[in-house]
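Undergrad: For the sequence shown, our numbering assigns the number 254 to the last residue and increments by one with no breaks. By construction, the Cβ of each residue, glycine as well, lies at the ideal position given by its N, Cα and C atoms. Have a look at this one before I ask anything.
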Amino acid sequence: EILSAYRLLAETEGVFVEPASAASVAGLLKAVEEGLVTRGESVVCTVTGHGLKDPERAIKQVAMSEPVAATTEAVARELGL
Numbered sequence: 174e175i176l177s178a179y180r181l182l183a184e185t186e187g188v189f190v191e192p193a194s195a196a197s198v199a200g201l202l203k204a205v206e207e208g209l210v211t212r213g214e215s216v217v218c219t220v221t222g223h224g225l226k227d228p229e230r231a232i233k234q235v236a237m238s239e240p241v242a243a244t245t246e247a248v249a250r251e252l253g254l
């Protein structure tokens with residue numbers, strides 16, 4: 174659950190935290206799932222540790238992407254444009 178929240182923060186918010194900092198978000202997601210917090214409520218999750226404390230964990234979580242040629246056409250194709 175914590176690693177899922179860790180990835181979610183990076184992918185959707187652009188926030189690179191250490192796994193321990195993702196625990197508050199993981200707890201919030203669990204609380205929503207269990208109905209303890211409803212969608213639309215205001216909630217604050219404190220994330221204080223940056224991801225550079227554990228860069229190896231981040232590397233293991235990232236899928237390697239295929240290189241794209243440095244041409245307008247190739248980039249547009251990759252973006253589905």
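1) Which same chain residues, not among the five before or five after residue 220, have their C-beta less than 6 angstroms away from its C-beta?
2) Would you tell me roughly how many angstroms separate the C-alpha atoms of residue 183 and residue 196, rounded to the nearest one?
3) Compute the distance between the beta-carbons of residue 175 and residue 204, then report whether it is under 8 angstroms.
4) Do residue 201 and residue 216 come within 8 angstroms of each other at the CB atom, strictly closer than that value?
5) Do residue 249 and residue 241 have their CB atoms nearer than 8 angstroms?
6) For residue 216, name the three-state secondary structure that DSSP assigns.
TA: Taking the structure as given:
1) 190 and 194
2) 14 angstroms
3) no
4) yes
5) no
6) coil
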